[in-house]
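Below is one structure, written out as structure tokens, with a few remarks after it.
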Amino acid sequence: MRELESIAPATRVRSLVLITPILQGFVPSLPALRYVDRLQVVLDGSSDGKDTGPSVLDLIDSVHFGQWSIIDGGRRLLFVSMFVGELEPYLKDFSVRMAWGLDLIWMHCEGYPGAAQFEPFVAWVKQHMVQADRFYEANPGVTVVDIRWWKALHAQFEEFRRKARCGGDIVSLFAELERGIARLSGIDEVAESRFLRSIAGSVRANIQDLKDQRLFAPAEIEPIERNFEQVMATLQGEKS
Numbered sequence: 019m020r021e022l023e024s025i026a027p028a029t030r031v032r033s034l035v036l037i038t039p040i041l042q043g044f045v046p047s048l049p050a051l052r053y054v055d056r057l058q059v060v061l062d063g064s065s066d067g068k069d070t071g072p073s074v075l076d077l078i079d080s081v082h083f084g085q086w087s088i089i090d091g092g093r094r095l096l097f098v099s100m101f102v103g104e105l106e107p108y109l110k111d112f113s114v115r116m117a118w119g120l121d122l123i124w125m126h127c128e129g130y131p132g133a134a135q136f137e138p139f140v141a142w143v144k145q146h147m148v149q150a151d152r153f154y155e156a157n158p159g160v161t162v163v164d165i166r167w168w169k170a171l172h173a174q175f176e177e178f179r180r181k182a183r184c185g186g187d188i189v190s191l192f193a194e195l196e197r198g199i200a201r202l203s204g205i206d207e208v209a210e211s212r213f214l215r216s217i218a219g220s221v222r223a224n225i226q227d228l229k230d231q232r233l234f235a236p237a238e239i240e241p242i243e244r245n246f247e248q249v250m251a252t253l254q255g256e257k258s
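Start counting the sequence shown at 19; every next residue gets the next number (the numbering used here).
Here it is in structure tokens:
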């Protein structure tokens, strides 16, 4: 569970579509392995456990949806995302919190400068963006934080209704409901800590699996691992 804030003023939902050329041929450090095949392993590993725990994309509060797909017979990589707000702040969030994850994927594409180098990263993204000729928003102005808030509010009312049906004292239940709703605008530090531990454990396991398979040279995987640990240390420090 992430931080729940009061419902914000309407903010536009936008789409980002990138089509980037995948490096062709074989990985220099692993001459028996093609870039596209290693990329497929990375994408498959990144999706493991998505139905049983939080996703790494949950680190970015503005993301509604994100998808990577290898297309054109392994020649290009498609990225589709829906997010709230403006493009550059959205990319800045990725650069600060998920450079390690983007690097693990887009390092297999031509000209990728690394997400930690923000200005070159933004320029690279804009170079490969596909303009949407038509974009439809089913719920314009609804943010990811709003959705989490409404879901948590719904859960509070459902719990109130369940206890009331079981014969609970209505006055006490209303007082409990009021306290629960008041907590929604605060930070659940226990849930936040649990969320970060879950993300950290999942990503560390994925990175270790890639290392065990010897799919990356140390010079490739170690900077990614260091960046991830730095991000986790920063986020956990912010919550302590």
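Where a beta carbon is used, it is the ideal one built from N, C-alpha and C, also for glycine.
query: Alpha helix (DSSP H) segment containing Arg115, residue limits; result: Leu105 to Arg115
query: Sequence ranges, beta strand (DSSP E) only - wholly within the segment 167-235, length at least 3; result: none
query: Where Val148 sits in the DSSP three-state scheme; result: coil
query: Sub-8 Å separation of Ile37 and Arg115 beta-carbons; result: no
query: Local Cβ density within 10 Å of Phe234, reported as buried at 16 or more and exposed below that; result: buried
query: Residue closest to Ala134, alpha-carbon to alpha-carbon, out of Gly255, Gln254, Phe246 and Ala251; result: Phe246
query: Chain-order list of residues whose beta-carbon lies under 6 Å from that of Leu34 (same chain, five-residue window excluded); result: Ser99
query: Same chain, Cβ closer than 7 Å to Pro39, five either side skipped, listed in chain order; result: Arg93, Arg94, Cys127 and Glu128
query: Own chain partners of Leu75 with C-beta closer than 6 Å, once the 5 adjacent residues on each side are dropped; result: Val81 and Gly84
query: Rounded Cβ spacing between Val298 and Leu109 (contact assumed at less than 8 Å); result: This structure cannot settle anything about residue 298, because the visible part of the chain is limited to 19 through 258.
query: Cα-Cα separation between Ser47 and Ile123, rounded to whole angstroms; result: 17 Å
query: Length of the line joining the Cα atoms of Ile78 and Pro107; result: 11 Å
query: C-alpha gap between Ser211 and Val31, whole angstroms; result: 28 Å
query: Presumed contact (8 Å Cβ cut-off) between Ile88 and Val54, rounded CB distance; result: 6 Å
query: Given Val148 as reference, the closest of Leu96, Ile217, Gly91 and Leu41 once Cα atoms are compared; result: Leu96
query: C-alpha gap between Met250 and Phe178, whole angstroms; result: 36 Å
query: beta-carbon Val102 near the ligand COA non-hydrogen atom, thresh 7 Å; result: With respect to the ligand COA, the structure shown offers nothing to examine, as it has no ligands at all.
query: CB-CB length for Leu61 against Trp86, believed under 8 Å; result: 6 Å
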